[in-house]
Structure formats: structure tokens, C-alpha cells
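Heads up: the sequence shown is residues 723 to 1125, going by the numbering used here.
The C-beta atom is built at its ideal place from N, Cα and C for all residues, glycine as well.
From a predicted model like this one, the values you see are computed outputs, not experimental measurements.
Shown next, in C-alpha cells, is the structure this report addresses.
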Amino acid sequence: MAAKQRVIVAGAGPVGLLTALSLASQDVPVTVLESEPGLSYDLRAGTYHPPSLEIMAPFGVTDEMHQTAIKVPRWQMRDRKQGLIVEWDLSEISDLTPYPYRLHFEQHKLTPLLYKRLLTYPHAEVRFSHAVKNVNQTADKVSVTASVPGGDDEQLEADWLVGADGGRSAVRRCIDADLEGFTWPERFVVIGTSIDLSKYGYAYNAYVADPDEWCALFKMPGDGPPGFWRVLFPVLPDESDDVALSAENVERRMQGFLKIDTPYPVISKIIYRVHQRVARRFRSGRVVLAGDAAHLNNPLGAFGLNGGIQDCANLTDKLGKICRGEGEASLLDLYERQRRTVNLEFVQEYSIRNFKRLAAKTPEERQANIDDLRRIGESAESRRQFMLVSTMIASMRRANAIQ
Ligand SMILES: Cc1cc2nc3c(=O)[nH]c(=O)nc-3n(C[C@H](O)[C@H](O)[C@H](O)COP(=O)(O)OP(=O)(O)OC[C@H]3O[C@@H](n4cnc5c(N)ncnc54)[C@H](O)[C@@H]3O)c2cc1C
723 MAAKQRVIVA
733 GAGPVGLLTA
743 LSLASQDVPV
753 TVLESEPGLS
763 YDLRAGTYHP
773 PSLEIMAPFG
783 VTDEMHQTAI
793 KVPRWQMRDR
803 KQGLIVEWDL
813 SEISDLTPYP
823 YRLHFEQHKL
833 TPLLYKRLLT
843 YPHAEVRFSH
853 AVKNVNQTAD
863 KVSVTASVPG
873 GDDEQLEADW
883 LVGADGGRSA
893 VRRCIDADLE
903 GFTWPERFVV
913 IGTSIDLSKY
923 GYAYNAYVAD
933 PDEWCALFKM
943 PGDGPPGFWR
953 VLFPVLPDES
963 DDVALSAENV
973 ERRMQGFLKI
983 DTPYPVISKI
993 IYRVHQRVAR
1003 RFRSGRVVLA
1013 GDAAHLNNPL
1023 GAFGLNGGIQ
1033 DCANLTDKLG
1043 KICRGEGEAS
1053 LLDLYERQRR
1063 TVNLEFVQEY
1073 SIRNFKRLAA
1083 KTPEERQANI
1093 DDLRRIGESA
1103 ESRRQFMLVS
1113 TMIASMRRAN
1123 AIQ
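This is how it looks when you write it as C-alpha cells:
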């Protein structure tokens, strides 16, 4: 039976579209408002952990991703000077998930898959060029003001509003839910190259510690085989974006990481600021936040988008029940308790730890990290515990255990 209540979702990023798709599949009428005239094609996240693949599987999205994505069952922790420290093999946890690997697939390829499926539901719509700018609510309804091209604002009304409008969320501002935390002084530059780094012993995903210039590597599918590699480096505050993105500095960073005889062919480069922040609250009455609108973290460990996908699964299960009259609105407080807590305890904690481990400065600190990782790598049980955390299976379990 169709749900009686309607939902507006702000933002047609991966979190907004997956939220809308999940609600639409439960017969909930849903309208997505997106400020841009179309889906974003920026190069951003691209690593999916097993729980995300499980969450998207019922919609057929995971199968379609597999047609062109790269499976990464093994990934490495390395040190620039000492080389390989540990290689994790996710097949060791194949009893816990049907997807015992990281899947590499660009974020801008995921959103069209979600969008295409969303449009198959007659009670779902996406309105592009609709930027949410104001939100008002009463005991019964939430009303959203969106600016549209041409000047006149549009008013829309629904029972619930999900703010999935990214790191600069207007919805978050409207419910006065400040982002608490800090911004790293370093920015991150991500350089794409067609040089095949696996020839030099690198797994398709590797983290390389160094006190001066650590880096992280990801093999991505790109336009199809052979794909390309993304290499992420820190950029110190005294280096401007333009200088960091100059051909000379891109080449210097790449050659500093791995010296080769030819210049590196560079196929993409972006630079961005990195935050560790969590919204003071995820719910205010009829409005809830999810994804980057609710929390931001550095990408080391790929917890950002994957955490947002876990938000979607948790939220839409509860919101679907509420819209069908099968659950109380207080379920949304449980959503906030579960997802905000794991973001603080897990996503923030481990992404900061990952950053600090790669960037450790003193020889003693670096050696202690290396010894610790080698010790974890030595026993099957400690490897398993490490992989439960790094796959975010532990974070799903922890959230679900919170009452
Ligand atoms: C530049 C950049 C690079 C990144 N690189 C990496 C990376 O290398 N690795 C990694 O793991 N993660 C990376 N991330 C993080 C990752 O991309 C995010 O975690 C992910 O995009 C979160 O998805 P989302 O749907 O919550 O938000 P978003 O993807 O930001 O989507 C939000 C959507 O809301 C729309 N919107 C914004 N304001 C409004 C409004 N007022 N009204 C309506 N719509 C609105 C936006 O146009 C956008 O389409 C990066 C993020 C950025 C910004």
C-alpha cells in the first residue's frame, strides 16, 4: 500500500539519490531537489566497502557496478623507506560478506545508476536547478523554499525533509546544527596517471607512510581497461593551490614517490580541503541530515561516502516505517543516536588515526606504528579484527547495537 506521507530530499549526490531510491522502493512518494542543473561529474570518492555493496545490492546497483569496477581483495600498508609492511587479504573474511573486497568505481558513475533506477518509480521525481535556501516546519509539515532559475522562489511541502546536500548543507544551516570539529592545515591533492604502478609491487590500493610526503594509491577503472591510478598527497599550508597543481610540482611529487625515466602522463588533478567535523545534531523535528551534510572526514580509509551509505540504510528503514504509519517519529531520534555516535566513535576516530599513522614524524613514532602493524598482521585473529574495522562492518554492528 502506498505510504501516506511524502519526503523531500535535498541534494542529488550519492546519499540523496540512494535515500530517495530506498524510500521510493518502499512506495514513499519522494521529491529530490538538486541545486545544480544536472548530476555532478567531479572526481571524488571511489572506494566501496562490503556493507555499502550489500546495502545497494537489492536495487541492482551493486551488480551493475561490478560490470566495470575493479575488485580489490588485497590492499597494503607501506613505508616509503621500509617498503611493504602488511598486506591485508579480505578473502579472510569471506564468511562475513558476499563481497570480500574493496570495489573501486568512481562516484560520478554511481549517481547515474541510482538516478536511472529512481526514475522508474512514478511517485519519485528529481528537480534540478532547485537550490534549497530555507526550511520552516510546523507540528505537521515541513515547507522548503528553493530558488530556481528565473528569479521566483518555489515553495514545496512534505511530511519530512532529508538534508543530503553535502558539506555546505543549507538544510543543516536552517536547523542550526553547527558542524563541530576541525579542519586540517594540509589540503589533499589527487593526481591521476596512466603509469601502471602495479608493475612496481603496489597493490591496487596502498597507503605509504612518510614523515615528509606520505601518499595513498588507488587503481580506478576510468574509461575501461587498463584504467588509471589516483595518487593522493598532502599539501602544506604555505603552498598555494595553483603551485600544488602546477605541472612542475605534480611531476616533482610523482617522481619523489616513485622515480621513473619518463615524465608522468597526468590525466587528472584536483585539490581539496579536508575536515573532521560532525553536526551537533542530525535531527530537528521533521528534518534529518545524512551523508556529508551530517559529517565530514578525511578520505584515508574511505569512510566518508561509505558512512553516508550506512546513514541511508539506517534512515530509510526507519523513515519508511514512519511514512507507512508503522513506526513512531521517535525512530528518527534512534537514527541520530546510532549514526551520530558511530560517526564520532568510529569514522572520526579511525580516519584521524589513519592520517596520523601515515604522517608520523619522529623515527620512534614511525617505528612503533610499523611494529604495531606487523604485530597485527602476524595472527589470523588480529588481522580479522583489523579488517572488521577497516571494512566498516564493525561500524554497522556498533550502530545497530545502540538503543
Ligand atoms: C572535492 C572533493 C573531493 C573528494 N574526494 C574524495 C576522495 O578522494 N575520496 C573519498 O573517499 N572521498 C572524497 N570526497 C568525499 C566524498 O565525495 C563525499 O563523502 C560524498 O560525496 C558524500 O556524498 P553526499 O551525497 O553526502 O554529498 P555530495 O556528493 O556533496 O552531494 C550533495 C549534493 O547536494 C547538492 N546541493 C548542495 N547544496 C544544495 C542545496 N542548497 N539545495 C539542493 N542541492 C544542493 C550538491 O550539488 C550535490 O549534488 C571528496 C569530496 C569533495 C568535496
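When beta bridges are read from the DSSP output, Thr-769 appears opposite His-826. Here the stretch 904-919 lies against the stretch 989-997, with 3 or more beta-carbon pairs under 8 Å apart. Distance from the Cα of Leu-775 is smallest, within the candidate group Arg-1046, Cys-1034, Glu-1048, for Cys-1034. Per DSSP, Asp-811 is one residue of the beta strand (DSSP E) stretching across 805-811. Not one heavy atom of ligand 1 sits closer than 7 Å to the Cβ of Tyr-763.
Taking a cut-off of 8 Å for Cβ pairs, the stretch 909-928 and the stretch 1034-1045 do not touch, as fewer than three such pairs fall below it. Cβ neighbours of Tyr-924 within its own chain (closer than 6 Å, five residues either side excluded): Leu-939. Residue pairing of Lys-991 in beta bridges, as defined by DSSP: Ile-913. Contact between Ile-730 and Ala-880 holds, with the beta-carbon distance rounding to 4 Å and staying under 8 Å. By the criterion of at least three beta-carbon pairs nearer than 8 Å, the stretch 1012-1032 is not in contact with the stretch 972-982. Bounds of any beta strand (DSSP E) do not take in Tyr-986, whose DSSP letter is neither H nor E.
Scanning the stretch 965-1048 for uninterrupted beta strand (DSSP E) segments of 3 residues or longer gives 988-1001, 1009-1011, listed from N- to C-terminal end.
DSSP, read as helix, strand or coil, puts Ala-742 in helix. Taking the C-beta atoms as reference points, His-852 is found nearer than 8 Å to Glu-756. Collapsing the DSSP output to three states places Asp-932 in coil.
The nearest non-hydrogen atom of ligand 1 is less than 7 Å from the C-beta of Ala-892.
For Ile-1074, no beta strand (DSSP E) encloses it; the enclosing alpha helix (DSSP H) starts and ends at 1071-1081.
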